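The letter at position 422 of the sequence shown is residue 404 when you use the numbering used here, and the numbering goes up by one with no holes.
The C-beta atom is built at its ideal place from N, Cα and C for all residues, glycine as well.
These numbers come from a predicted model, not from an experiment.
The structure appears below as structure tokens.
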Amino acid sequence: MKKDTLSGLDIDLYSEKFSNGFEVYLVPLKNMKRYYATYATKYGSLITEFCPNGSRKNVKVPNGIAHFLEHKMFEQESGIDPFSFYSQSGCYVNASTGFESTRYICSGNTKFRENLDYLLNFVNSPYFTDENVEKEKGIIIEEVNMYKDMVDSAIDDTTRKCIFQKDHHKYDIGGEVDEVKSITKEDLYSCYDNFYQPNNMFILIVGNFSVETALDVIRERVENRENKYKVLPKIKKEKEPYAVAKRCEVVKFNIDVSKLTYSFKMKKKDFNIQDDYILDLYLAILLKILFGSTSIFSEKAKMRDLYSEFYYNFDSTDDYLILNFYGESKKQNELLSFIKETLFNRENIINEDDFIRSKKVMIANKIKASCYIDAVGDSLYEDLINYNKIITNKVDLIRQLKYENLLKVSNNLDLSNNSIVCYVPKDDNFEIKN
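Here it is as structure tokens:
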């Protein structure tokens, strides 16, 4: 195995790529009590149309099928589901589906070999029948409807639909009810056979475990597993236009206090930074200076009672960067105006002292997070999904960030292409004035 060190964190990383394309990442932390294993495929809700290797015909499947497939992997032909198996040793098990990946997790402090072996085995053993697929539809439809009744999920869904015209980020990960109803076992097997293959999967283990034991189990279960298709399918992607799909939307909802999002869609190429991770670092610092808990914005907003809840984030697609601001407020237009004012006056707010301070805080947070196996595991997992590699020198890269480059990133923000979504109480006649 190849051995690297996560510089500045005193953590060793062992990695290997098998001849079938499967990737192994092992991070032993002997001072921890638990282990945290993630078995993942680089297949998420964005992929709904693809052409398998050797075929000339595209396969089109319903939205939500990656999430449906994740659910169905927990049903085993033996009748013993993973939850029952892992409960016997007090081991935690779960799974999640995102836009770009699906992951299966087990975590515990006993029976490492047995639990790792079962994780690999159950994800490698699909069992779909017409009957169990139909049974699952009712469960997933209930989940889809539950999220539609939750305001935070609903406003997030509407926001994405207002930002994107064609990109599949606009579609809910779980799909719509009619789409869920249309899924068949043949659809599930088609997606599994094409994307749950060694050349599209990896395992990441963090915590207290034996590297030798882990590698023995992984080799036995995965090293000789053949890819059904030696080359991954060609995925059809829609070309996303620059303009947002809708500039404003107001939705009446069963809530007492209004919630809003203010989103900005920008071309990534305009930032002239080739490394996505470096761009993300600069954006994180920039937003912290402008809108963080110790910012002038935060201080003044609290004095003016502009919100009861506020946070921000940013997302990326292949071509675009999306800045998102979320607020809960009874003064929606004032909050929107203050966000806009802060963004447009940012050159008067950003200073080098805050930049240096933010770098130090970021490094401190990296070191602090290294004491928690879940945080380490999730961070490395996000590296593999977002950057297609584990970044071993994060602390060094943060130290190397330059103030003049932060200013360049700030100057390249495009604030012209934006969308506002407000969810308001049903008796509120609110209108967006921003």
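Closest in alpha carbon position to residue 92, among 244, 70 and 350, is 70.
In its chain, beyond the 5 residues on either side, 102 have a beta carbon closer than 6 angstroms to the beta carbon of residue 203. The stretch 6 to 24 makes contact with the stretch 69 to 89: 3 or more CB pairs, one atom from each, lie closer than 8 angstroms.
Around the beta carbon of residue 245, 16 or more other beta carbons sit within 10 angstroms, so the residue counts as buried.
Straight through space, the alpha carbons of residue 164 and residue 154 are spaced by roughly 16 angstroms.
With contacts defined by Cβ atoms closer than 9 angstroms, residue 366 and residue 184 form a contacting pair.
A straight-line Cα-Cα distance of about 45 angstroms links residue 262 and residue 60. A direct Cα-Cα distance of roughly 31 angstroms separates residue 329 from residue 137.
311 is the residue among 194, 15 and 311 whose C-alpha sits nearest the C-alpha of residue 242.
Separation of residue 291 and residue 309 (C-alpha to C-alpha, rounded to the nearest whole angstrom) is 5 angstroms.
By the C-beta density criterion, residue -11 is exposed, having fewer than 16 other C-beta atoms within 10 angstroms. If you look at residue 346, you'll find it in the alpha helix (DSSP H) that goes 334 to 351. Secondary-structure assignment with DSSP links residue 183 through a beta bridge to 23. Under DSSP, residue 245 takes part in a beta bridge, and its partners are 306 and 401. According to DSSP, residue 85 shares a beta bridge with 22 and 78.
Linking residue 38 to residue 217 through their CA atoms gives a straight-line distance of about 13 angstroms. The beta carbons of residue 189 and residue 17 sit about 4 angstroms from each other, so the pair counts as a contact at 8 angstroms.
Taking residue 178 as the centre and dropping the five residues before and after it, the same chain places the C-beta of 23 closer than 6 angstroms to its C-beta, in chain order. The beta-carbon separation of residue 148 and residue 194, rounded to 49 angstroms, does not stay under the 8 angstroms limit for a contact.
Across the set 234, 171 and 12, the C-alpha of 171 shows the shortest separation from the C-alpha of residue 54. If you ignore the 5 residues before and after residue 332, its C-beta comes within less than 8 angstroms of the C-beta of 268, 271, 272, 388, 389 and 392, all in its own chain and listed in chain order. For residue 5, the enclosing beta strand (DSSP E) has its first and last residue at 5 to 10. Contact between the stretch 345 to 352 and the stretch 365 to 385 is established, with three or more Cβ pairs separated by less than 8 angstroms.
Within the same chain, Cβ atoms closer than 7 angstroms to the Cβ of residue 215 are found at 32, 33, 34, 35 and 176, the five residues on either side in sequence being excluded. Annotated three-state conformation of residue 71 is coil, per DSSP.
Under DSSP, residue 173 forms no beta bridge with any residue. Under the DSSP assignment, residue 224 falls outside any beta strand (DSSP E); it carries neither an H nor an E label.
By a beta-carbon distance limit of 8 angstroms, residue -15 contacts residue -6. Their separation comes to about 6 angstroms.
Our two residues, residue 340 and residue 247, have alpha carbons roughly 25 angstroms apart in a direct line.
It is roughly 31 angstroms from the alpha-carbon of residue -1 to the alpha-carbon of residue 250.
Under DSSP, residue 407 shares a beta bridge with 235. Shown here, residue 57 sits in coil according to DSSP, grouped into three states, outside any helix or strand. By the CB criterion at 9 angstroms, residue 29 and residue 150 fall inside the cutoff.
In this structure, residue 161 sits away from residue 118, with a CB-CB distance that is not shorter than 9 angstroms. Secondary structure note for residue 32: its beta strand (DSSP E) is the uninterrupted segment 31 to 33.
Between the alpha carbons of residue 47 and residue 106 lies a distance of about 18 angstroms.
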